[in-house]
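Numbered per my numbering, the sequence shown spans residues 592 to 897. Cβ atoms here follow ideal geometry from the backbone N, Cα and C, with glycine treated the same way. Because the structure is a prediction, the values reported are computed rather than measured. Taking it in order: structure first as structure tokens, then the write-up.
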Amino acid sequence: MPGDENQYDVLCYGTVSVDNIIHVPHLPGPRRDVQAISEHDELGGEALKVALPLAVWGLRVLVAGNVIGTDRRAKFILEELSRHPDLDARYIRQDPGVATPFARVIVTPDGERSRITSGYEKAPQTELTAEMMQQAQLLSVDAYGCAERERAASAAHVLGKRIITADALWPQSPLASLSDVVIISGALLKLNFPGAYEYDHALALQQQGAGVVIITDGPRPVLVVRADGSPFGVEPYEIRDVGDTSSAGTMFKAGIIYSWLQAGWSLEHAVRFACAAAGLSCQRRPKDAPLPRLAEIAALMGGQPR
Numbered sequence: 592m593p594g595d596e597n598q599y600d601v602l603c604y605g606t607v608s609v610d611n612i613i614h615v616p617h618l619p620g621p622r623r624d625v626q627a628i629s630e631h632d633e634l635g636g637e638a639l640k641v642a643l644p645l646a647v648w649g650l651r652v653l654v655a656g657n658v659i660g661t662d663r664r665a666k667f668i669l670e671e672l673s674r675h676p677d678l679d680a681r682y683i684r685q686d687p688g689v690a691t692p693f694a695r696v697i698v699t700p701d702g703e704r705s706r707i708t709s710g711y712e713k714a715p716q717t718e719l720t721a722e723m724m725q726q727a728q729l730l731s732v733d734a735y736g737c738a739e740r741e742r743a744a745s746a747a748h749v750l751g752k753r754i755i756t757a758d759a760l761w762p763q764s765p766l767a768s769l770s771d772v773v774i775i776s777g778a779l780l781k782l783n784f785p786g787a788y789e790y791d792h793a794l795a796l797q798q799q800g801a802g803v804v805i806i807t808d809g810p811r812p813v814l815v816v817r818a819d820g821s822p823f824g825v826e827p828y829e830i831r832d833v834g835d836t837s838s839a840g841t842m843f844k845a846g847i848i849y850s851w852l853q854a855g856w857s858l859e860h861a862v863r864f865a866c867a868a869a870g871l872s873c874q875r876r877p878k879d880a881p882l883p884r885l886a887e888i889a890a891l892m893g894g895q896p897r
């Protein structure tokens, strides 16, 4: 689209869904019922959960991904998105024959979660085109799909756009090789590559073309491997009164993306910012609790973002 170059800061491409969050005192089991403490719906899917904090922090965000239905969950998504004027959902298509994907997220008092999902594999995908990608500076994408994720990254790469990817674990994957930053969950890495040494795995990704590799591990130190292969670690902030860890990963990624677009921010500072944002997200409990603001993140970091 002529004249639309960099109209948006970020294009978030991936899953668009609803999360039904249920807080319980313990997990249910056979003949062991459990009474829910609270229950609410919120926007779900990697694309939306990364896009929301970016919009709250003042970036212009475009969202695209799977098709949603015309059911009550789709109505909820569109109503929630309409509250964020800096978030453009024009490419979220609806089809009455599609059931909007959703996940039931069961959260225990220690903040850990269990998920039951429905509708993700059956929802058609909106193809990311060069015309769409031309409008943004940076692509946020994840590995939770099929070849359409790789095609999205390829479209961004051809245009010279920055690409930040979540959980592209496999060194042979084109998604990892096209990415300027690959953010990986340490738990997911251990699940798929038992016994793997994190640093060696990061180097294997970089040998195939990946840039910076960041491996998170909950409250344990974050491993960061610069594009030249040199590593360093970042200690997460101590967070008290943890309520729900379900958004920590997407909030961390949003923090990296926000930092990547700030002039003069070092990689070390970017990771500290992402750690602070992710940590604060774990304190959220009520469904209407606001997302972490820049001032809150700066306060946790002990100073203003730079």
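Per DSSP, which one or two residues make a beta bridge with residue i?
i	result
LEU814	ILE806, GLY824
PHE693	VAL609, SER709
GLY580	Only positions 592 to 897 of the chain appear in the structure, and residue 580 is not among them; the question remains open.
GLN685	ILE659
LEU730	LEU602, ILE754
ASP819	According to DSSP, which records beta bridges pairwise, ASP819 is partnered with nothing at all.
VAL698	HIS614, ARG704
GLY635	SER608
Does DSSP classify residue i as helix, strand or coil?
i	result
GLN716	strand
ASP791	helix
GLN799	coil
SER776	strand
GLU703	coil
CYS737	coil
ALA655	strand
GLY594	Reliability of the predicted coordinates at GLY594 is poor, the pLDDT of 43 falling under 50, and the value obtained from them is presented with this limitation in mind. The answer is coil: DSSP assigns GLY594 none of H, G, I, E or B.
GLN895	Reliability of the predicted coordinates at GLN895 is poor, the pLDDT of 46 falling under 50, and the value obtained from them is presented with this limitation in mind. Looking at GLN895 - three-state DSSP - the assignment turns out to be coil, as it is neither helix nor strand.
ILE830	coil
SER764	coil
CYS603	strand
ARG884	coil
GLY846	helix
THR841	helix
ALA890	helix
VAL852	Inspection of the sequence shows that residue 852 is occupied by Leu rather than by Val. Three-state DSSP puts LEU852 in coil, outside helix and strand.
Please state whether the Cβ-Cβ distance between residue i and residue j is less than 8 Å.
i	j	result
PRO765	GLU741	yes
GLY870	TYR828	yes
LEU719	ILE668	no
ALA734	ASP758	yes
TYR599	GLN725	no
VAL698	ASP679	no
HIS617	VAL625	yes
ALA767	ALA801	yes
VAL615	GLY702	no
TYR711	PRO687	no
Under 8 Å by Cβ, that's how I've got residue i and residue j pegged, so tell me the actual separation to the nearest angstrom.
i	j	result
GLY660	ALA627	Not confirmed; about 26 Å, so no contact.
VAL803	VAL815	7 Å
CYS873	THR841	12 Å between Cβ atoms; not a contact.
ILE774	THR807	7 Å
GLN716	GLU739	5 Å
SER776	ILE755	Incorrect: roughly 15 Å between the Cβ atoms, too far for contact.
>> Across the stretch 652-667 and the stretch 857-870, are there enough close Cβ pairs to call them in contact, namely three or more that are closer than 8 Å?
In response: no
Validate contact between the stretch 605-613 and the stretch 637-646 using beta carbons, cut 8 Å, 3 pairs:
yes
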